[in-house]
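Q:
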Amino acid sequence: MHEMDLRNSLQTGGDRRRLKTIMALAIVYGFTFGMHLVPWGQWLLLGLFSIQALRLIFAPPLPPLGISQSLPASSAKPLESETLPFFSLIASAKNEEAVIANLVQNLCQLDYPSDRFEVWIVDDNSSDRTADVLELLKTKFPQLKTLRRGAGAQGGKSGALNQVLPRTQGDIIGVFDADAQVTHDVLRSLVPVFQQPKIGAVQLRKAIANANENAWTAGQSAEMALDLCLQDLRIRVGGTGELRGNGQFVKRQALDSCGGWNEQTITDDLDLTIRLHLHQWDIACLYNPAVQEEGVVTLKQLWHQRNRWAEGGFQRYLDYTIPLLSNRMGFLKSFDAFLFVINQYLLTIAFIPDTLAAIAFHHAPLLPPIAIFSLSLTSVTMAFGLRRSYQMPWRSAIWRTIPGMIYMLHWIPVIACVTLRMCVVPKRLKWVKTQHQGAGKTSILEDLEDIELQEIGG
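By the count of the working numbering, the sequence shown reaches residue 865 at its end, each step adding exactly one.
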């Protein structure tokens, strides 16, 4: 499929997202009422979920706990620099003075030949001291390069990534959030994965750095373990792996074939996921090493963040409806994506018409058994994910799964509100910034304050 076809599909989808959302909800309402009139409709849906469950249960076995592909450590046989891929590591930062120094120091000190990677930080017109911190960091780390965007720059994070991309020279592009932290061997771990010709991108497991702060961050930690375990199983049965923004790596060849990042979406990672699969690329995921990030610490922050994720996730299916229905990803990936959108979005939406139909026809709702089946499968997957991600015993994994599943129920009102809002309000590309606190004042900030005091004293 040519990139022009996708761009035309996106333009049509972008202009008619509200209409497509209304049509999707009308289909869900109609099908749900139909299940109350035709009993086999419920069994059809339950059968599809059962097939997917069996596919995941009998997925090829996972490698032993804690094992990840990796190149030899620096203490072993020296690496030949000229045979290694060049990595360009990028982060877009807007008012990130609290965390950007930690990220730069982390990335610039990776265990990888210094002539085979570069670090780019895009300062997206920050109004705090982010620019000053970056200038000071450039004197300490020669791999660091910066680009400052003006006040009129468009496209948000996607625009920042597209603007800096032509300046990079990497064979593989790594994208990080400003609060990210990775282990020193991360690039070595990725090299053998990208040697597989069909792999267009790799997503690292996301781990919550402040998981012990409160119940919200603990829930996010369990959610991330569930997410990667589910992705890993989906990939192993021929389904679609997905990118998660922070800690994602993309082959330049694959990125170029997709036309770069889409600036008309609020979740660039999920949008790129669909376009990579439509261009016949595969996405892999790694349990280890993981990328650390800060979890949001309040219900309000969680609500804003999850609303953006839910809207962007649903939006991608609206934007690429025609290519997806045309089976351009192949049967297994299309079937997987079809069941995923039903389970994550449509099943939640269908509870409203299911309740109305039950009242109208004077019998019990039909969806609770399907929902219980889905939640049971999710619970088991979360327990597996926690055990594998954190190498904990089964008892601990099960005990953490219980509050984790209670936490996951927040997605029900989020998805219900998002889909209803998308039917009424035209989407404005408005992004609510996630506040990053950092681990305290860094030495770079202290140095910067000393310089400022000297200038005042002088």
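The C-beta atom is built at its ideal place from N, Cα and C for all residues, glycine as well.
Small disclaimer: the values here were computed from a predicted structure and weren't measured.
Using 8 Å as the cut-off, can you tell me whether the stretch 623-640 makes contact with the stretch 590-600, which would need three or more C-beta pairs spanning the two stretches below that distance?
A: As far as the Cβ criterion goes, the stretch 623-640 does not touch the stretch 590-600, which means the pair count is below three.
Q: Please name the residue or residues paired with residue 423 in a DSSP beta bridge.
A: According to DSSP, residue 423 bridges with nothing at all.
Q: Tell me, which residues are paired with residue 717 by DSSP?
A: Per DSSP, none; premise fails for residue 717.
Q: Indicate, with yes or no, if the ligand FAD has a heavy atom lying under 7 Å from the CB of residue 667.
A: In terms of ligand content, the structure shown is empty, and the ligand FAD therefore cannot be addressed.
Q: Report yes if the CB atom of residue 692 is closer than 8 Å to the CB atom of residue 792, and no otherwise.
A: No; because the gap between Cβ atoms is not below 8 Å, this pair is not in contact.
Q: Output the boundary residues of the alpha helix (DSSP H) element that contains residue 831.
A: Taken as a continuous stretch (DSSP letters only), the alpha helix (DSSP H) holding residue 831 covers 818-831.
Q: Candidates 717, 701 and 553: which alpha carbon is nearest residue 620's?
A: The shortest C-alpha separation from residue 620 is found at 701.
Q: Tell me, please, whether the stretch 714-722 touches the stretch 670-684 by the rule of three or more beta-carbon pairs shorter than 8 Å.
A: At 8 Å Cβ cutoff, the stretches touch.
Q: Does the contact criterion of 3 or more C-beta pairs under 8 Å hold for the stretch 806-815 versus the stretch 767-787?
A: In short, these stretches touch, since the Cβ pair count reaches three.
Q: Which complete beta strand (DSSP E) runs does the stretch 542-615 hold, if anything under 3 residues is left out?
A: Runs of the beta strand (DSSP E) inside the stretch 542-615: 551-555, 579-583 and 606-615.
Q: Kindly provide the ranges of any alpha helix (DSSP H) runs that are 4 or more residues long and lie completely inside the stretch 689-747, ordered along the chain.
A: Listed in chain order, the complete alpha helix (DSSP H) runs (minimum 4 residues) inside the stretch 689-747 are 706-726 and 728-732.
Q: Reducing DSSP to helix, strand and coil, say where residue 926 ends up.
A: Summary: the structure shown does not reach residue 926, with the chain confined to residues 408 through 865, and so no result is reported for it.
Q: Taking one C-beta from the stretch 507-525 and one from the stretch 538-553 each time, how about it: are there three or more such pairs within less than 8 Å?
A: Contact between the stretch 507-525 and the stretch 538-553 is present, because at least three Cβ pairs lie under 8 Å.
Q: Can you tell me the Cβ-Cβ gap for residue 565 and residue 669, rounded? I've got them flagged as a contact below 8 Å.
A: About 6 Å separates the two Cβ atoms, so the contact holds.
Q: Which of the three DSSP states, helix, strand or coil, is assigned to residue 463?
A: Correct three-state label for residue 463: helix.
Q: Is it right to say residue 424 is buried, meaning 16 or more other beta carbons lie within 10 angstroms of its own, or is it exposed?
A: Its Cβ being crowded by 16 or more others within 10 Å, residue 424 is buried.
Q: Can you round the beta-carbon distance between residue 601 and residue 609 to whole angstroms, since I take them to be within the 8 Å contact cut?
A: 7 Å between Cβ atoms; contact.
Q: Do residue 731 and residue 717 come within 8 Å of each other at the CB atom, strictly closer than that value?
A: No.
Q: Using three-state DSSP, classify residue 506 as helix, strand or coil.
A: In the structure shown, residue 506 sits in coil (DSSP, three-state: anything other than H, G, I, E or B).
Q: Just confirm the distance between the C-beta atoms of residue 560 and residue 531, as a whole number of angstroms; I'd bet it's less than 8 Å.
A: With 8 Å as the limit, residue 560 and residue 531 qualify as a contact, their Cβ atoms being about 7 Å apart.
Q: With a threshold of 8 Å on Cβ separation, who are the neighbours of residue 587 within its own chain once the five nearest residues in sequence on each side are excluded?
A: Answer for residue 587: 498, 510, 513, 653, 654, 698, 699 and 700, listed in chain order.
Q: Between the C-alpha atoms of residue 529 and residue 537, what's the straight-line distance to the nearest angstrom?
A: Cα to Cα, the separation comes out at about 10 Å.
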